[in-house]
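Colleague: Take a look at the following structure, please.
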Amino acid sequence: MVTLNLDKIFHPKSVAIIGASDEEGTVGCALMKNFRELGFEGKLYPVNIRKSEVFGLQAFPSVDQIPETVDLAVIATPARTVPDIVEQCGKMGVKGLIIISAGFKEIGAEGKALEEKITQLKKEYGVRIIGPNCLGIIRPSNRLNATFISKMPKPGNIAFISQSGALGSAILDWALHENIGFSNFVSIGSMIDVDFGDLIDYFGTDPKTKSILMYVEGLSDARKFMSAARHFARTKPIIVVKAGKFSESAKAAASHTGSLTGEDNIYDAAFKRAGIVRVDEIADLFNCAEVLGTQPLPKGPSLAIITNAGGPGVMATDALIARGGKVAKLSPRTMEILNSVLPPFWSRGNPIDILGDAHADRYKAVLEACLDDENIDGVLVIYTAQAVSEPVEIANSIVELVKSKTYHNKTMLTSFMGYGAVEEANHVFNENNIPTYTTPEQAIKTYLYMYQYKRNLELLYETPEEIPVDVMAPKRPLMVILRNVAAANRENLTEAEAKKFLEYYNFPVVKTTVARTADEAVCLAAQIGYPVVLKILSPQIIHKTDAGGVVLDLNNEAEVREAFDRIMQRAKQYNPDAEIQGVIVQKMVKKTGYEVIIGAKRDPLFGPVILFGMGGVGVELFKDFALGLPPLNQTLVRRMMEETKVYQLLRGYRNVPPANIKLLEEVMVLFSQLLVDFPQIKEADINPLFINEQDALAIDARIVIDRGQVFQKPEPHQHLVITPYPKKYETIWTLRDGRTVVLRPIRPEDEPLWLEMFQNFSEESIRFRFFQILKDTPHETRVRYCNIDYDREIAIVAEMTENGRKKILGVARVGFEPDSKTGEIAFIVADPWQGLGLGTKMVDYVLEICKDMRIGTVYAIMLSENFRAVNLMKKMGFVLSCMEDGNVKGTLNLKEEESVVCPEPNTAKEPETQTQSDEVEQENQRKAEVISE
């Protein structure tokens, strides 16, 4: 449902307050006062079963007695009464509900049963519900305060969403004191219906909202949340405080990955993938929002610090380095300027100590030099009260400089320390949109949060390289392995089974053989060639090293026999009940290189989570790892690696050559695809994966499965929070001239090909597509067209390969409305490829995909003079209508198509010759290939 009927909640024209009262100290009284006294302009209907009048307004005993259907009902009655009220509202056509009442699942089974009843009624009547157990909502621009807090914050451009009502109340009080405005304030309570994902979608299209701030305790629908956040994070910053940072969720697990990946780490990975900034404190939310509204994003982590006191400069430097920032290196030109304007005994470095006697002119000259230095990404100006300096004069000089020159690529922050002595100076900064902070540490923290936001956006915008790996492993033999394991009442695949699994995905796996006896082990060792490794083979012994079940570097028959006996003895001591199936015999790998771990764990909320980090026996000791959510591409893999310390080793260290990073990226992409393909996998480790400058080799592997899912048939990709590339929509088609094209979904890697296609558009084609003439499209725009969310959009490209070189000839695209029932279609064919039937085929194919995705209605908007597009839409069965702006809208009801009864076939003889009108029609058909996308 997403944003369906949310307008009834945030833009109501009529409101019923159920539980309205004029008795002071009651929630019903507070609600009535807010609606009456804070300027709500809609109709207000009190509902009270015992009173005929509340605050001078006629009161109604129930909703069905109100003379009109209201948009919004606010419920503040005991929990036991709420289900009946919800049903009554549903029957009367009320589409928006806010349930203030508490006493639901938070009190136990009885309350949970009430929630379940409300959920059932919600589905039956299509109502949207905020709550229960919530504070309500405020929309200052509408003078709408549907809470029991008596004050109205000023209008602003920040949407604040809180999962905690008590915290929300405190935030409102604090915002009033700090003069912070809101576009929307929402306390969402138990999220029985409307959740974070719904509200991100709604506020993402709200023109009054410029940024979205959230206090999150947990998510109810991670897939919806990720889809909404990824869609809007590019255009509206989303900043989050997540509570529960030190959860004890990583308990006993069967794999190293399972023990390393706690709940909070996974939230971190999800936020990064969605382009969200996570901050530590509530104050950080608003500090970041202030910078986003007034300053350019930092282009890098390098900061210049200007201070009139040494101590604060050192403190700021410590905070900067501790949080991963960099002290900017001043350019020779900047040093020359500073030497000329500063006393001879200045610090001669960054932080720039301009000394305690610094006046406004000195601050201004130093700041100007820093803002002009290309080595500097941002500037922090610190002031401490001194007897000979005037803070207001300094503040005015900074404002004057910033206003007189344009520094579009520099982030500017200040910290005038103190209170009364600098209060007026801070007011000057606030009035002129220059962020100011009480302490340098606050400023540093905000600066680096903003840099992290920029990095997250870069991840969304970065075009990955195409990785030449085959990810189409045969599924049937692998499912046979899983069924055999599950049928044996096991969850853990043996190492041999796990490596067989990897081999089907073309993983570089060390050859593994199994010996049941010492004689077999000796025979296999001779065949493989010494030296060899022996490992215990038992489904119940997962961590073989812990059991003493691994013996390395065996060089002859005697050593093999001795190792076999020793392993068997240790295994029985470690777990007397374990089923010992023998030992694994494999070649001893003796190469210089690096050991890494690649692992996975299925999270109950976010599905499979991939881990990369330092491998080997010390993996849980060093805890050097990064997490990511599948599906992964080359860019996402590289960013994961860059978060770890071992990545610096992989790039080469001292006399050890760098590892083959490209090969490691390919292995990670393969591992990601394995998790996409098999929701039955609960945990997995490849540890260690050996990697050097030439090749990679999986030395050990383990896979843990969910036995309950092995014999089920899950919906494709329902275990993922990010929909992967829909390969099932790939097909081959032949153009009229006999050449073949591949019709397939667009990928992020297609950006260079998309640009080449754009360069083959005529001005007319561009105008029909974009409704204006464009000479070029920036990288960010191209990424938006290529890096799509397949839950929200499907774009089919026509790809041709000539002389070994790929090119895109055209694109057909359908963007889905948030309710996923309606889609807007658009397409274009590059001018050299028009007239070959491609446009017609692509539109037809995309419409069939819409049917497969259960899209009910598709529409297209076209320029009125684009008669070729209009003609083609008509031929496709679209119903055409004129819009107020002069454009033409075509609408196609796909559900009606499915219910149409086919007419009897026409048995009339086809004409033997083509008429002139037919030729005209065919020419129009050819021209219609230029439909706008």
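Each residue of the sequence shown is one higher than the last, beginning at 0 in numbering that gives the first Met the number 0.
From the three backbone atoms N, C-alpha and C, an ideal C-beta is built for every residue, glycine too.
Select from Ala-101, Leu-719 and Val-46 the residue whose C-alpha is nearest the C-alpha of Cys-88.
Modeller: Val-46
Colleague: Using a Cβ-Cβ cutoff of less than 7 Å, which residues in the same chain neighbour Val-53 once the five nearest sequence positions on both sides are dropped?
Modeller: Ala-19, Ser-20, Asp-21, Met-31, Pro-45 and Asn-47
Colleague: Can you give the Cα-Cα distance for Asp-360 and Leu-719, rounded to whole angstroms?
Modeller: 58 Å
Colleague: Between the Cα of Tyr-460 and the Cα atoms of Pro-831, Asn-4 and Val-782, which residue gives the shortest distance?
Modeller: Val-782
Colleague: Could you give the first and the last residue of the continuous alpha helix (DSSP H) run that contains Glu-792?
Modeller: From DSSP, Glu-792 is part of no alpha helix (DSSP H) but of the beta strand (DSSP E) over 792-801.
Colleague: Taking Asp-576 as the reference, which of Ile-540, Met-587, Thr-591 and Arg-560 has the closest Cα?
Modeller: Ile-540
Colleague: Measuring straight from C-alpha to C-alpha, what distance separates Tyr-450 and Leu-662?
Modeller: 30 Å
Colleague: Below 8 Å on the Cβ atoms is my guess for Phe-195 versus Phe-159; work out the distance and round it to an integer in Å.
Modeller: 12 Å between Cβ atoms; not a contact.
Colleague: Is there contact here, the stretch 484-497 with the stretch 693-710, by at least three beta-carbon pairs under 8 Å?
Modeller: yes
Colleague: Considering only the alpha carbon of each residue, which of Thr-839, Arg-79 and Arg-650 lies closest to Lys-873?
Modeller: Thr-839
Colleague: Does the pairing of the stretch 95-109 with the stretch 170-177 give three or more beta-carbon distances under 8 Å?
Modeller: no
Colleague: When you compare only the Cα positions, how much space is there between Ala-315 and Pro-343?
Modeller: Going by C-alpha positions, Ala-315 is about 23 Å away from Pro-343.
Colleague: Relative to the C-alpha of Ile-191, which residue among Ile-137, Lys-104, Pro-350 and Thr-383 is closest?
Modeller: Of Ile-137, Lys-104, Pro-350 and Thr-383, the smallest CA-CA separation from Ile-191 is found for Lys-104.
Colleague: Can you tell me where the beta strand (DSSP E) with Ala-672 in it begins and where it stops?
Modeller: The displayed chain sequence assigns Gln, not Ala, to residue 672. No beta strand (DSSP E) holds Gln-672; the alpha helix (DSSP H) holding it covers 660-676.
Colleague: Does the separation of the CB atoms of Pro-678 and Pro-713 fall below 7 Å?
Modeller: yes
Colleague: So is Ala-321 buried or exposed if we call it buried at 16+ other beta carbons inside 10 Å?
Modeller: exposed
Colleague: Ser-388: which of His-358, Glu-399 and Asp-372 sits nearest, CA to CA?
Modeller: The option with the nearest alpha carbon to Ser-388 is His-358.
Colleague: From Val-276 to Val-675, what does the alpha carbon distance come to, in whole angstroms?
Modeller: 26 Å
Colleague: Between Val-740 and Ala-797, is the Cβ-Cβ spacing less than 7 Å?
Modeller: yes
Colleague: Report yes if the CB atom of Ala-472 is closer than 7 Å to the CB atom of Phe-428, and no otherwise.
Modeller: no
Colleague: Just how far apart, CA to CA, sit Glu-755 and Phe-624?
Modeller: 39 Å
Colleague: Going by other Cβ atoms of all chains shown within 10 Å of its Cβ, with 16 needed for buried, is Ile-731 buried or exposed?
Modeller: exposed
Colleague: Considering only the alpha carbon of each residue, which of Asp-552, Leu-551, Val-508 and Met-567 lies closest to Ala-517?
Modeller: Of the listed residues, the one whose Cα sits closest to Ala-517 is Met-567.
Colleague: Could you give the uninterrupted runs of the beta strand (DSSP E) lying entirely in the stretch 698-773, keeping only those of 3 residues or more?
Modeller: If we require 3 residues or more, the beta strand (DSSP E) runs fully inside the stretch 698-773 come out as 700-704, 730-733 and 739-744.
Colleague: With burial defined as no fewer than 16 other Cβ atoms inside 10 Å of the residue's Cβ, what is the status of Asp-352: buried or exposed?
Modeller: buried
Colleague: Under a Cβ-count criterion, where at least 16 other Cβ atoms within 10 Å of its own Cβ denotes burial, should Tyr-362 be classed as buried or exposed?
Modeller: buried
Colleague: Is the beta carbon of Ile-157 less than 7 Å from the beta carbon of Thr-146?
Modeller: no
Colleague: Mind checking Ala-303: buried by the 16 CB within 10 Å criterion, or exposed?
Modeller: buried
Colleague: Look up Thr-516 in the DSSP assignment and say whether it is helix, strand or coil.
Modeller: Three-state result, Thr-516: coil.
Colleague: Glu-247 to Ser-330, Cα distance in whole Å?
Modeller: Any answer about Glu-247 is weak, because its pLDDT of 47 lies below 50 and its placement is not dependable; what the coordinates show is given next. Their backbone Cα atoms lie some 48 Å apart in a straight line.
Colleague: Pick helix, strand or coil for Glu-262, following the three-state DSSP scheme.
Modeller: helix
Colleague: Does the distance from the C-beta atom of Pro-152 to that of Ser-140 stay below 7 Å?
Modeller: no
Colleague: Following the continuous alpha helix (DSSP H) through Phe-39, name the residue where it begins and the one where it ends.
Modeller: No alpha helix (DSSP H) holds Phe-39; DSSP gives it neither H nor E.
Colleague: Any idea what DSSP makes of Gly-614, helix, strand or coil?
Modeller: coil
Colleague: Would you kindly work out how many angstroms separate the C-alpha atoms of Gln-64 and Gly-102, rounded to a whole number?
Modeller: 27 Å
Colleague: Run through DSSP, which three-state label would Val-273 get?
Modeller: Going by the sequence as given, residue 273 is Ala instead of Val. Helix at Ala-273.
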